[in-house]
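Please read the structure below before turning to the comments.
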Amino acid sequence: MELLPESLQTLRDRVAIVTGASRGIGRAIALELATVGATVVVNYARSSQAAEAVVAEITEAGGSAIALQADVSQPDEANHLISHTKKELGRVDILVNNAGITRDTLVLRMKLEDWQSVIDLNLTGVFLCTKAASQVMLRQKSGRIINIASVSGVMGIAGQANYSAAKAGVIGFSKAMAKELSSRGITVNVVAPGFINTDMTQELKEDYKQQVLKEIPLRRYGEPEDIAGMVRFLAADPAAAYITGQTFNVDGGLVMG
Ligand code: NAP
Numbered sequence: 180m181e182l183l184p185e186s187l188q189t190l191r192d193r194v195a196i197v198t199g200a201s202r203g204i205g206r207a208i209a210l211e212l213a214t215v216g217a218t219v220v221v222n223y224a225r226s227s228q229a230a231e232a233v234v235a236e237i238t239e240a241g242g243s244a245i246a247l248q249a250d251v252s253q254p255d256e257a258n259h260l261i262s263h264t265k266k267e268l269g270r271v272d273i274l275v276n277n278a279g280i281t282r283d284t285l286v287l288r289m290k291l292e293d294w295q296s297v298i299d300l301n302l303t304g305v306f307l308c309t310k311a312a313s314q315v316m317l318r319q320k321s322g323r324i325i326n327i328a329s330v331s332g333v334m335g336i337a338g339q340a341n342y343s344a345a346k347a348g349v350i351g352f353s354k355a356m357a358k359e360l361s362s363r364g365i366t367v368n369v370v371a372p373g374f375i376n377t378d379m380t381q382e383l384k385e386d387y388k389q390q391v392l393k394e395i396p397l398r399r400y401g402e403p404e405d406i407a408g409m410v411r412f413l414a415a416d417p418a419a420a421y422i423t424g425q426t427f428n429v430d431g432g433l434v435m436g
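Here the sequence shown stands for residues 180 to 436, numbered as in my numbering.
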């Protein structure tokens, strides 16, 4: 990665937390925000080496980043992620709730733990981090919260009832938060990716992937950078200052209203 010239570093002096930034979409978001000058907290659950590699990539390019382990589905760990960032870096300007998992199966075969683990991380984790970060942002009277949902939460996908429910929940939660936080200049928006090339989609069967491809008007799977570009825009000031409570589908045209 390369940092943009200083005059184009629109997020200089901003502190951004990206949950689940060791791999995939979160990693691309962390790198993208760093190119425009943000100091990035690269959160991860288990992949410490991958997270440190993201930090190294940013710092070697002249940017600023730290890695911070926290399972954001756990209240104490989510709170620690935010409080440690505030203590070490002084602010929390941008929170990207990106960490997520799938446990795909039909509901008839779905175990309660498959349901619960997906809700715990993909929905409760968003609540926990948003609650903790918004306390800091309210005092700052500014902030950007960007939640990564999915087309699965917009249109529903068979075999993903747990994931569709969690992601639809994120969309509703974000609208409510947009209203709760608007008076202090804090915006809350959602990016809903379609099918993106990451470890998560590597797990899908090849014939299913081919079937999905036929339904994507742009005839390709997305790349993590396709999502990172939208997140960077939503974090930008003043470009996105008048946008809140919205969901942006970045999906090659898969979902059209
Ligand atoms: P991924 O490649 O599987 O990466 C998941 C990331 O989440 C990793 O950095 C992982 O950290 C982290 N993570 C997992 N459990 C965590 C926990 N309990 N606490 C904190 N971090 C945790 O996934 P991805 O495809 O990039 O997906 C990122 C987001 O986009 C998710 O919210 C996903 O639902 C959403 N999304 C993805 C697609 C897609 O097609 N890929 C489509 C729509 C939406 P470790 O490396 O430490 O495990």
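Just so it is clear, CB atoms sit at the ideal spot from N, CA and C, and this is done for glycine as well.
Per DSSP, reduced to three states, the secondary structure at asparagine 368 is strand. In this structure, the C-beta of serine 201 approaches ligand 1 to less than 7 Å from one of its heavy atoms. The beta carbon of alanine 337 lies closer than 6 Å to none in the same chain, with the five residues before and after it left out. With 16 or more other Cβ atoms from the protein chains shown falling within 10 Å of its own Cβ, lysine 265 counts as buried.
Glutamine 389 sits exposed, since fewer than 16 C-beta atoms from the chains shown fall within 10 Å of its C-beta. Asparagine 258 is not bridged by DSSP to any residue.
Fully enclosed beta strand (DSSP E) runs of no fewer than 3 residues occupy 218 to 223 of the stretch 196 to 245, in order along the chain. Positions of the beta strand (DSSP E) runs, each at least 3 residues long and wholly inside the stretch 304 to 329, are given as 322 to 327 in order along the chain. In this structure, Val215 is the residue among Ile237, Val215 and Arg193 with its C-alpha nearest to the C-alpha of proline 184.
Leucine 274: member of the beta strand (DSSP E) spanning 273 to 276, first to last residue. With a threshold of 16 other beta carbon atoms within 10 Å, glutamate 211 meets it and is buried. In this structure, the straight-line span from the alpha carbon of alanine 344 to that of serine 186 is close to 42 Å. Contact annotation: threonine 303 and isoleucine 324 have beta-carbon atoms that are not nearer than 8 Å. Just measuring C-alpha positions, the residue of Ile204, Ala217, Ala207 and Thr198 sitting nearest glutamine 188 is Ala217. Relative to ligand 1, the beta carbon of aspartate 378 is positioned inside 7 Å of a heavy atom.
Distances from the alpha-carbon of threonine 281 to those of Ile365, Ala244, Met379 and Ser201 put Met379 closest. Taken in chain order, the complete beta strand (DSSP E) segments of 3 or more residues contained in the stretch 388 to 433 are 426 to 429.
Residues of the same chain with a CB within less than 6 Å of the CB of glycine 424, apart from the 5 flanking positions on each side, are Lys354 and Ala357 in chain order. Taking 7 Å as the cut-off, the C-beta of glycine 322 does not count as close to any heavy atom of ligand 1.
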